[in-house]
Each structure stands twice: as C-alpha cells, then as structure tokens.
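These notes concern the structure reproduced below.
In our numbering, the protein residues as written are 226 to 508.
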C-alpha cells in the first residue's frame, strides 16, 4: 500500500511511501520518487548515511528529487539499524530492497536491468557491499515470495564519500577522540575482524568472489574520514579484478560536503555527474 507524500505541490514528480518489507511486525518503507511520463526510466535504490546507526529514507531528499525531475526513478530505503540490528542486517534489507524494486520496475516505468544502487557516507559503503555481493547468503537471506527468481545484481553502483574502509575509519575516529563515532562502529560491527570482512578494498585485496558492476566513486580530497589513498586503493582493486570504475575528487571538499546542502559549491556538479553516469549505464 502506498501513501502519497507529495503529488500536487510538485506536479512534475510523484512522491510516495511504500512498504517494501515487514520485520518483527514493523513496516520498513521505501520513499519512491516517480518521474513524470511513461519511461522507461533508469532506477536507483538509495541508501542513506548516518554512521550505520541513524537517519532514514528522507536523507538526500534533494538529490532524489533532482534525479526524479530529470527522469530517474528513485526508491530511498529505510532499513534496520543498531542497537536492534547490527551488521549484516541492513545489507540484507538493502539486498531485498533491490530485488523488490526490480520486481516492480515495469510498474514504475523502469526495467529490472536498469536498477542500480547509490549511497553516501556509510550508505555509500553499504551500496558497494550490496553491489559486490548480491548472492552472499547473509545478504540475500530475506525472501521475496512474489518473485523468488529475481536476484540483487545491479546495473551500476554510485558511492559518494563512502566509508570505504570501516576499520581505517574506526582507527581514525579513535585517534581523533571522536567517542560518538567510535561507539557507532561498536554498535554496528562486532569487532575489528568484521570491519575488515566488510571492507570493499579489503575484499578486493583478498581476491574474494565478487560482482563488479560499473561504479562511480566520488568524494572530497580533504575528507578527514576517507583519505584519497583509500579511494585510490578501491579503484585499483576494482580495475585489477576486471571491473570498470570512475573516480571523481572535489577539491577542498570534506566528508559529507553536500549532505543536506543543495547550494553547496559542488552539489550541482556532483548531481550532474551522477545523472550522466547513470544514463550511460542504462541503455
């Protein structure tokens, strides 16, 4: 069942909240941003940030609107978080959300093979994990009874200032005396070994079996939590494993440089870059 959030004040798009799954009697919602027209539209599952422990589907609203207004369908997910649900519960929700959108793609004017995933900060990290490990048993654990044949493979992945190496960020937070961020790591990850297990660059370094859709990774070259070298390490590993990946730095930008800031200096260029990348990989 869909709840219309906004249809009259912004006639060029339709925004609605839709239940995509139910866990423990609680509905988990996707906020769907539907473009005007009949499509077919590229489609994006959006994964919010919040250090794995906070925020919701309304995060990055202005990005979702910009996508929809240009003809890109967006499903921005709520998902389980600590303390009730540590890793990998949220990735399982995201995996299901991808399958859910693929199953309904034609209803929304898209195509199953045009569905990708996008996230920022911790959401950028989780988007990469979901894209790289669509068949991981822990990630794909939740059933989609109405479409059991659909998998969670995506057409593309976009990670904005993603926390690519959780273990490194944990050590940086401890060194900086950022107690809140350290506790967020403790809440989501069991231990340092799990942080390494769920690190995209480490996964590539280990030679684990992965799926590598076309990827766009972007961030600031002054990000205190995601050093330039970490982004370059991911890109090198992705290419070595045979994948296509693009890297974009924004000079002087720090972590979360456009979170909730549609007028930030690099917000519009970053959105335009993402839109061009998405269109290039959806027909």
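Don't be surprised by glycine CBs; every beta carbon is placed ideally from N, CA and C.
C-beta contact flag for residue i and residue j at 8 Å
i: residue 315; j: residue 353; result: no
i: residue 255; j: residue 302; result: yes
i: residue 261; j: residue 238; result: yes
i: residue 364; j: residue 311; result: no
i: residue 440; j: residue 379; result: no
i: residue 284; j: residue 274; result: yes
i: residue 509; j: residue 266; result: Any answer about residue 509 is impossible in this case: the structure gives the chain only from 226 up to 508.
i: residue 342; j: residue 323; result: yes
i: residue 376; j: residue 359; result: yes
i: residue 328; j: residue 371; result: yes
i: residue 442; j: residue 470; result: yes
i: residue 437; j: residue 467; result: yes
i: residue 350; j: residue 388; result: yes
i: residue 308; j: residue 427; result: no
i: residue 386; j: residue 462; result: no
Cα-Cα separation, residue i to residue j
i: residue 279; j: residue 306; result: 7 Å
i: residue 270; j: residue 404; result: 31 Å
i: residue 490; j: residue 241; result: 30 Å
i: residue 503; j: residue 272; result: 16 Å
i: residue 501; j: residue 485; result: 21 Å
i: residue 326; j: residue 394; result: 31 Å
i: residue 415; j: residue 406; result: 15 Å
i: residue 429; j: residue 319; result: 21 Å
Residue environment, residue i, which counts as buried when at least 16 other CB atoms sit within 10 Å
i: residue 345; result: buried
i: residue 425; result: buried
i: residue 391; result: buried
i: residue 506; result: buried
i: residue 332; result: exposed
i: residue 398; result: buried
i: residue 249; result: exposed
i: residue 477; result: exposed
i: residue 418; result: exposed
i: residue 455; result: buried
i: residue 508; result: exposed
Expected contact under 8 Å - CB spacing of residue i and residue j to nearest Å
i: residue 498; j: residue 457; result: In fact, because the Cβ distance is near 18 Å, the residues do not count as touching under 8 Å.
i: residue 290; j: residue 245; result: Wrong, their Cβ atoms sit about 20 Å apart, outside the cutoff.
i: residue 317; j: residue 366; result: 5 Å
i: residue 447; j: residue 479; result: 5 Å
i: residue 340; j: residue 268; result: 5 Å
i: residue 445; j: residue 475; result: 5 Å
i: residue 304; j: residue 369; result: That belief does not hold up - the Cβ atoms of residue 304 and residue 369 are roughly 15 Å apart, past 8 Å.
Near the ligand PLP: residue i beta-carbon under 7 Å from a heavy atom
i: residue 384; result: No copy of the ligand PLP occurs in the structure displayed, which carries no ligand at all.
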